[in-house]
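Q: First residue of the sequence shown? That's -19 in our numbering, and the numbers climb one at a time after it.
Beta carbons are placed, not taken as given, at the ideal position from N, Cα and C, and that holds for glycine.
From a predicted model like this one, the values you see are computed outputs, not experimental measurements.
Before I ask anything, let me first share the structure, which is written out below as structure tokens.
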Amino acid sequence: MIQDANDIVRGAVIHADVCIVGGGPAGITLAITLAQSGRNILLLESGDLVPGEDARALNAGEVADETLHSPPDKYRERCLGGATSIWGGRCVPFDPIDFETRPWIDHSGWPIGYDDVEPYYAAANILCEAGEFEYDARLAAPGGMRPLLRGFTPEHFDTNGIERFSCPTNFGRRYEPRLRALNNVRVLLRATAIRLRAAGDGSRIESLEVCGTRESRFSVTADQFVLAAGGMETPRLMLSSDDVQPNGIGNAHDLVGRYYMCHVAGTIGSLHVSGPADQVWHGYDLAPDGTYCRRRISLRADVQARLGLGNAVFRLHHPRIGDPSHRTGPLSAIFLAQKLISYEYAKRLVSDVPPTPGIWLRHGLNAAIDAISTIRFLGHMVRDRLLAERKFPSIIIRPRTNRFSLDFHAEQVPNPDSRITLGSSKDRFGNRQVRIDWHYTRKDIETVSQSFYLLRRDIRKQAIGELTFAS
Ligand SMILES: Cc1cc2nc3c(=O)[nH]c(=O)nc-3n(C[C@H](O)[C@H](O)[C@H](O)COP(=O)(O)OP(=O)(O)OC[C@H]3O[C@@H](n4cnc5c(N)ncnc54)[C@H](O)[C@@H]3O)c2cc1C
């Protein structure tokens, strides 16, 4: 059943066996799964069925350095489905090494290992609509998937790992009917959890204070509370709940909000392939179940251990969009349409060149001169992305010059100084907004740069082409 929190009588106390805060993919998955136990589940979602300005305003906050991290209301959404209402849908399991205590990485090591999460991956893949749990390119399709760089057998990297892509499934839209149909699950929309009330000795949560959008305020009691409000709002709620424990709930060791991780990702260089153009396959393959899959170049675990590096992957991409010297109409069309692209994606696509009138003109000329490919590309985007239920995951354009951008995505080492705290401004419920202070470290840079030089060495050794560094 799905209800509006504004219909709850002011001052009411609602009881549930389990109360889940946050209707993102974590909260929805938990509600649907726990429903099978017969317990009464209450799922509180701050937003509505779809994103809206009022809910988005609650995501506002401060950023210590905007050149490092986007403002928190620019790329997050509050609605049923959480960030899956805007996510890219890329699905990849962790590697076993990611969980291990690695002497060369301070604060590394989880209290759980890969074997603890592995049994859940197949079900997670199904929920994400990312096909079967098979991430080896040799096994994910009959006869294997096409090689990324034909004839390339690198010494330090694995090229058989793949990423699988969800539709991308919006968990809110996809699982709303199922949540409605479950008798023992009650979803309250526009229900913002604002404070956990702890027992006097701080040993347990007695109740949760919740606000609707129209002055309605009520409490929830539950045998168990689950905080699934996302990586920023969960620590914010814990830190804001300071009535009994002045540093916030569960924060006796000053760890809540620390070790905040974001993406260490970007374009690091370009690969000029010396062989024929069809030696490279940087696009997608279809698995038999219809899932789009893509190979990537991953730094092997034994190499990470031997050289004291973190985990890192590389992908080949089209040239940088903002620079019109690529002379590729479809890429220039994307540059010209940047206002139609959501903030986070537009920022990544076009941030490398200042958009002066001269640059706009050159992109306009590219699109006009290369009109046939541009029109063909726009048709593909409308058919395979805009209108398709399972969307073509990204822009794949074969550059005329055989020169590809090299994108990286690296692990970030746990850093206690990268943290979420409470800022000075307050939201409409009187709670302090988040403050984000994100940093990368020398080790993060070392992982990316050393991996790049290793890849360059492997590529040179096999005469595949020339990899150049782009700052
Ligand atoms: C632009 C973008 C692209 C992404 N692309 C990918 C990708 O390709 N692959 C990938 O694996 N991941 C991707 N992610 C990350 C992925 O979407 C998140 O890891 C995932 O959604 C986290 O799920 P969650 O349920 O923990 O939190 P969220 O999705 O953040 O959901 C939390 C929910 O809690 C609600 N909430 C917050 N505060 C409260 C409160 N106080 N009371 C009640 N409810 C509250 C929110 O409204 C939200 O619905 C992307 C994220 C973004 C923003």
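1. Can you give the beta carbon distance from ARG144 to CYS71, rounded, assuming they're within the 8 angstroms contact cut?
2. Cα separation between HIS(-5) and ASN395?
3. Starting from the Cα of ASP28, find the closest Cα among LEU60, LEU10, GLY(-9) and PRO5 and give me that residue.
4. Are the beta-carbon atoms of ARG58 and ALA35 separated by less than 8 angstroms?
5. Measure the Cβ-Cβ separation of HIS298 and LEU311 and say whether it is below 8 angstroms.
6. My guess is that ILE21 and ASN164 are in contact by the Cβ rule of under 8 angstroms, so how many angstroms apart are they, rounded?
7. For THR172, which option in LEU159, LEU188, SER146 and ARG166 has the closest C-alpha, if you only look at C-alpha atoms?
8. Looking at ligand 1, does it come within less than 7 angstroms of CYS(-1), judged from the CB to the closest heavy atom?
9. In terms of residue numbering, what span does the alpha helix (DSSP H) encompassing TYR94 cover?
10. Could you please give the first and the last residue of the uninterrupted beta strand (DSSP E) stretch that includes ALA(-4)?
11. Near GLU391, which residues of its chain fall below 6 angstroms by C-beta distance, leaving aside the five closest residues on each side in sequence?
12. What does DSSP give as the partner residue(s) for PHE198 in the beta ladder?
13. How big is the Cα-Cα spacing for ASP407 and SER431?
14. Is LEU217 near ligand 1, going by C-beta to nearest heavy atom under 7 angstroms?
15. Whole angstroms are fine: how far does the CA of ILE339 sit from the CA of ASN231?
16. What does a CB cutoff of less than 8 angstroms around HIS49 pick up in its chain, not counting 5 residues either side in sequence?
17. Beta carbon of PRO5: closer than 7 angstroms to some heavy atom of ligand 1?
18. If I follow the unbroken beta strand (DSSP E) through LYS406, where does it start and stop?
19. Kindly list the residues whose CB is nearer than 7 angstroms to the CB of ASP234, restricted to its own chain and excluding five residues on each side of it in sequence; keep chain order.
20. Pick out whichever of ARG365, ARG295 and ILE(-18) has its Cα sitting closest to the Cα of ARG153.
21. Report the residue from GLN318, GLY211, PHE372 and ILE85 whose alpha carbon sits nearest the alpha carbon of ARG274.
22. If you drop the 5 nearest sequence neighbours on each side, which residues of the same chain put their C-beta closer than 8 angstroms to that of ARG(-10)?
23. Please determine whether the Cβ atom of TRP340 lies at a distance below 7 angstroms from any heavy atom of ligand 3.
24. Quick check: the Cα distance between ASP95 and GLU114, rounded to an integer number of angstroms?
25. Could you name the residues of the same chain whose beta carbon sits closer than 6 angstroms to that of ASP203, not counting the 5 residues immediately before and after it, in chain order?
26. Between which two residues does the alpha helix (DSSP H) holding ARG440 run?
27. Is the distance from the Cβ of ILE376 to the Cβ of TYR264 below 8 angstroms?
28. Using the rule of at least 16 other Cβ atoms within 10 Å of the residue's Cβ for burial, across every protein chain shown, is PHE388 buried or exposed?
29. Alpha carbons only, please: which of ILE106, ALA121 and ALA6 is nearest the one belonging to THR64?
30. Can you tell which of GLU109, ARG177, PHE205 and THR193 has its C-alpha closest to the C-alpha of VAL224?
31. Are the CB atoms of ASN411 and ARG170 nearer to each other than 8 angstroms?
32. Enumerate, from N- to C-terminal direction, the unbroken beta strand (DSSP E) stretches of 3 or more residues contained entirely within the region 25 to 80.
33. Any contact between the region 433 to 445 and the region 127 to 134? By contact I mean 3 or more CB pairs, one from each, below 8 angstroms.
34. Can you give me the Cβ contacts of SER254 inside the same chain, cut-off strictly under 6 angstroms, excluding the 5 residues immediately before and after it?
35. Counting along the chain, where does the alpha helix (DSSP H) carrying ARG154 start and finish?
A: On the basis of the data shown:
1. For the purposes of this step, residue 144 is taken as residue 164 along the sequence shown, with counting starting at 1. For the purposes of this step, residue 71 is taken as residue 91 along the sequence shown, with counting starting at 1. Rounded, the Cβ-Cβ distance is 5 angstroms, consistent with contact.
2. For the purposes of this step, residue -5 is identified with residue 15 of the sequence shown, where counting begins at 1. For the purposes of this step, residue 395 is identified with residue 415 of the sequence shown, where counting begins at 1. As the crow flies, the alpha-carbon of HIS(-5) is around 39 angstroms from that of ASN395.
3. Working through the sequence shown from its first residue, we reach residue 28 at position 48. Checking every option, the nearest Cα to that of ASP28 belongs to LEU60.
4. As a position in the sequence shown, residue 58 is number 78, starting the count at 1. As a position in the sequence shown, residue 35 is number 55, starting the count at 1. Contact flag set, yes.
5. Within the sequence shown, the letter at position 318 stands for residue 298. Within the sequence shown, the letter at position 331 stands for residue 311. Contact flag set, yes.
6. Taking the sequence shown and counting its residues from 1, one reaches residue 21 at position 41. Taking the sequence shown and counting its residues from 1, one reaches residue 164 at position 184. Sure, about 6 angstroms apart at Cβ, within 8 angstroms.
7. Walking along the sequence shown from the start, residue 172 turns up at place 192. Closest option to THR172, Cα to Cα, is LEU188.
8. Residue -1 sits at position 19 when you count from the first residue of the sequence shown. No, the beta carbon of CYS(-1) sits no closer than 7 angstroms to any heavy atom of ligand 1.
9. The sequence position of residue 94 within the sequence shown is 114, counting from 1. Counting along the chain, the alpha helix (DSSP H) containing TYR94 begins and ends at 94 to 107.
10. Reading the sequence shown from its first residue, position 16 is the one you call residue -4. -7 to 1 is the span of the beta strand (DSSP E), which, as asked, contains ALA(-4).
11. Stepping through the sequence shown from its first residue, residue 391 is reached at position 411. Answer for GLU391: GLY290 and ASN291, listed in chain order.
12. For the purposes of this step, residue 198 is taken as residue 218 along the sequence shown, with counting starting at 1. For PHE198, which the question treats as bridged, DSSP gives the partners VAL190.
13. Position 427 of the sequence shown holds residue 407. Position 451 of the sequence shown holds residue 431. For ASP407 and SER431, the distance between alpha carbons rounds to 43 angstroms.
14. Numbered from its first residue, the sequence shown carries residue 217 at position 237. The answer is yes for LEU217.
15. Taking the sequence shown and counting its residues from 1, the one referred to as residue 231 is at position 251. Taking the sequence shown and counting its residues from 1, the one referred to as residue 339 is at position 359. Approximately 51 angstroms, taken between the alpha carbons.
16. Your numbering for residue 49 matches position 69 in the sequence shown. Correct list, in chain order: VAL43, CYS242, ILE416 and TRP418.
17. As a position in the sequence shown, residue 5 is number 25, starting the count at 1. Because some heavy atom of ligand 1 lies under 7 angstroms away, the Cβ of PRO5 counts as near it: yes.
18. Sequence index remark: in the sequence shown, residue 406 carries index 426 (1-based). 399 to 406 is the extent of the beta strand (DSSP E) around LYS406.
19. Taking the sequence shown and counting its residues from 1, the one referred to as residue 234 is at position 254. Answer for ASP234: ASN227, listed in chain order.
20. Position 173 of the sequence shown, counted from the first residue, corresponds to residue 153. It is ILE(-18).
21. If you number the sequence shown from 1, residue 274 lands on position 294. When only C-alpha atoms are compared, the closest one is PHE372.
22. What you label residue -10 is simply residue 10 of the sequence shown in a count that begins at 1. Excluding positions up to five away in sequence, the list reads GLU195, SER196, ARG197 and PHE198.
23. This structure does not include ligand 3; its bound ligands are ligand 1.
24. Here residue 95 corresponds to residue number 115 of the sequence shown, with the count starting at 1. Here residue 114 corresponds to residue number 134 of the sequence shown, with the count starting at 1. Taking the straight line from one Cα to the other gives about 16 angstroms.
25. Along the sequence shown, one-based indexing puts residue 203 at 223. ASP(-3), listed in sequence order.
26. Within the sequence shown, numbered from 1, the residue matching residue 440 stands at position 460. Unbroken alpha helix (DSSP H) run through ARG440: 422 to 441.
27. Start at 1 with the first residue of the sequence shown, and residue 376 comes out as number 396. Start at 1 with the first residue of the sequence shown, and residue 264 comes out as number 284. Taking 8 angstroms as the Cβ cut-off, ILE376 and TYR264 qualify as a contacting pair.
28. Taking the first residue of the sequence shown as position 1, residue 388 is located at position 408. With 16 or more Cβ atoms within 10 Å of its Cβ, PHE388 is classed as buried.
29. As a position in the sequence shown, residue 64 is number 84, starting the count at 1. Closest option to THR64, Cα to Cα, is ALA6.
30. The residue given as residue 224 occupies position 244 in the sequence shown. Minimum Cα distance to VAL224 is reached at ARG177.
31. By one-based count along the sequence shown, residue 411 stands at place 431. By one-based count along the sequence shown, residue 170 stands at place 190. Contact: no.
32. 41 to 43
33. yes
34. In the sequence shown, the residue the question calls residue 254 occupies position 274. GLY445.
35. Walking along the sequence shown from the start, residue 154 turns up at place 174. Unbroken alpha helix (DSSP H) run through ARG154: 151 to 161.
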